[in-house]
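Protein chains in written order, with the numbering used here: chain A, 118 to 178; chain B, -18 to 138.
Next comes the structure, spelled out in structure tokens:
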């Protein structure tokens, strides 16, 4: 909502096993951030500051 | 007559919460796929086991606030609408702001357990057209000039 460039989804992993498998979801919450071909992923509920750092990491380079 | 998914005490709580927190209308587009063979009325469909529960839940929520507008679409029958919002899975919740603008907020699957409160929080933010993020986070987000897609995989707890 704070950026027109950012879209976000919550996925119930158990209902979408293929989608989860494609994203190597072995533990939840699992976060996958995509920017073009770049992908940053992490497991666990990160605090907001660390979360946004991961988003910015996907935008580097 | 099926049992309601939202219990009486939660219904009262949510009614008050929505009355206090909702500012503008918030629209929920729920995409499902109804199995022709299924009997309906809460019967799980083999094609989309959680679709009927998602419809029931959404309809129950709609009754809790005049500001909550719900549209249920069938992925097979409303292909144009599904394409407009890029929806190709069911059940999918698309949440629109009071202007009917799509900010790319999606919920895939039935929001059960703790995830229900995530959906509720999304609705409140969208109705107010503001998030509860910290200012530095908002600043970082405003600077983004490339398309970013964030997927958070969860399980009902």
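Just so you know, even glycine gets a beta-carbon here, dropped at the ideal spot from N, CA and C.
The beta-carbon distance between residue 136 of chain A and residue 149 of chain A, rounded to whole angstroms, is 10 Å. This is too long to meet the 8 Å contact definition. Residue pairing of residue 158 of chain A in beta bridges, as defined by DSSP: A/149.
Looking at B/127, B/134 and B/132, the one whose alpha-carbon comes closest to that of residue 153 of chain A is B/127. For residue 162 of chain A, the CB contacts under 7 Å within the same chain, skipping 5 residues up- and downstream, are 146 in chain order.
Within the model, the alpha-carbon separation for residue 175 of chain A versus residue 142 of chain A is close to 19 Å. In this chain, the alpha helix (DSSP H) harbouring residue 97 of chain B covers 95 to 109. The criterion of a C-beta distance shorter than 9 Å is not satisfied by residue 71 of chain B and residue 125 of chain A. Taking residue 94 of chain B as reference, the option from B/10, B/58, B/69 and B/138 with the minimal CA-CA separation is B/138. Looking at the DSSP output, residue 52 of chain B sits in a beta bridge with B/10. Where residue 87 of chain B is concerned, the enclosing beta strand (DSSP E) starts and stops at 83 to 89. Under the DSSP assignment, residue -1 of chain B falls in the alpha helix (DSSP H) whose first and last residues are -11 to 2.
With respect to the 9 Å criterion, residue 76 of chain B and residue 86 of chain B are classified as neighbours on the basis of their beta carbons.
With a cutoff of 9 Å on beta-carbon distance, residue 79 of chain B and residue 132 of chain A are scored as not near each other. What residue 152 of chain A touches in chain B, judged by beta-carbon distance under 8 Å, is 127, 128, 129 and 130, going in chain order.
Taking the Cβ atoms as the reference, residue -14 of chain B lies roughly 6 Å from residue 41 of chain B, within the contact range of under 8 Å. Under the DSSP assignment, residue 62 of chain B falls in the alpha helix (DSSP H) whose first and last residues are 60 to 65. Our two residues, residue 13 of chain B and residue 130 of chain B, have alpha carbons roughly 23 Å apart in a direct line. Going by beta carbons, residue 169 of chain A and residue 92 of chain B fall outside the 9 Å limit. Under the 9 Å criterion on CB atoms, residue 137 of chain B is classed as interfacial with respect to chain A.
For residue 4 of chain B, the closest of B/63, B/43, B/106 and B/-11 by C-alpha to C-alpha distance is B/106. The Cβ atoms of residue 9 of chain B and residue 43 of chain B lie closer than 9 Å to each other.
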